[in-house]
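As numbered in this note's numbering, residues 57 to 216 make up the sequence shown, in order.
From the three backbone atoms N, C-alpha and C, an ideal C-beta is built for every residue, glycine too.
Values in this document were obtained by computation on a predicted structure and should not be read as measured data.
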Amino acid sequence: MENYPKNGRIDTVSKVIDASPQTLYQAFMDPNSLVKWLPPEGMRGEISFFEPVVGGRFQLTLTYEDEYASQGKTTENSDALEGTFIELLPDKKIVEAGVFESDDSAFAGNMVMTWYFEEVVPGTKVTIIAENVPEGIKKEDHIDGLSSTLENLERFVKTS
57 MENYPKNGRI
67 DTVSKVIDAS
77 PQTLYQAFMD
87 PNSLVKWLPP
97 EGMRGEISFF
107 EPVVGGRFQL
117 TLTYEDEYAS
127 QGKTTENSDA
137 LEGTFIELLP
147 DKKIVEAGVF
157 ESDDSAFAGN
167 MVMTWYFEEV
177 VPGTKVTIIA
187 ENVPEGIKKE
197 DHIDGLSSTL
207 ENLERFVKTS
């Protein structure tokens, strides 16, 4: 039984990456790797805690590299997210639910992110589906950020 919300706006992106599903899944399960590729262009990441098991928690802070950025949800230049791993199917699927730390109700709500790893020729099709996206996150910006993350993942696995 799924016990997390699946409503609100849905944003999705996909990319075929020349790597195995196992390689991509492992890049996600290692917090030291994750902070290297997950932050979209123009941001850096920090993981405070990371328990990659079903029911395990994580806390991620993304900081805008431009010190004059005033687009953060948690502070002027950062987004802090606390979440839970809902489902982990090795090499196939990751589902996590997270909430942004923000005083702005436009960023409230429990966003659900599902990552699919589908083996294709010549690699793996990675699909991200974000459900219940807070209304304060502009759709175009979110799609750009998710796409940037997939490009970073592709570069990461090519150089690792």
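Thinking C-beta only, is residue j closer than 8 Å to residue i?
{"i": "A153", "j": "G165", "result": "no"}
{"i": "V91", "j": "S203", "result": "no"}
{"i": "I73", "j": "V182", "result": "yes"}
{"i": "A136", "j": "M167", "result": "no"}
{"i": "E107", "j": "T117", "result": "no"}
{"i": "L144", "j": "V110", "result": "yes"}
{"i": "E210", "j": "K71", "result": "yes"}
{"i": "W93", "j": "N188", "result": "no"}
With H, G and I counted as helix, E and B as strand and the rest as coil, what does DSSP make of residue i?
{"i": "I193", "result": "coil"}
{"i": "V213", "result": "helix"}
{"i": "S204", "result": "helix"}
{"i": "E58", "result": "Because the pLDDT at E58 is just 47, under 50, the model does not fix this residue reliably, and the value given afterwards should be weighed accordingly. It is coil, neither helix nor strand."}
On a Cα-Cα basis, can you pick out the residue from the options that is closest to residue i?
{"i": "Q115", "options": "F105, E121 and D122", "result": "F105"}
{"i": "I199", "options": "P96, A83 and L145", "result": "P96"}
{"i": "E121", "options": "R113, I142 and G98", "result": "G98"}
{"i": "I150", "options": "N133, P87 and F173", "result": "F173"}
Indicate whether at least one CB of chain C lies closer than 8 Å to the CB of residue i.
{"i": "M99", "result": "Checking the listed chains, one finds no chain C in this structure; it contains a single protein chain."}
Worksheet item: Would you call the segment 191-208 and the segment 156-171 touching, i.e. three or more CB-CB distances under 8 Å?
Response: yes
Worksheet item: Unbroken beta strand (DSSP E) runs of length 3 or more, entirely within the segment 112-190: which are they?
Response: 113-120, 134-145, 149-156, 167-176 and 179-189
Item to complete: Within the segment 66-107, note down every full alpha helix (DSSP H) run reaching 4 residues or more, in order along the chain.
Response: 77-85 and 87-93
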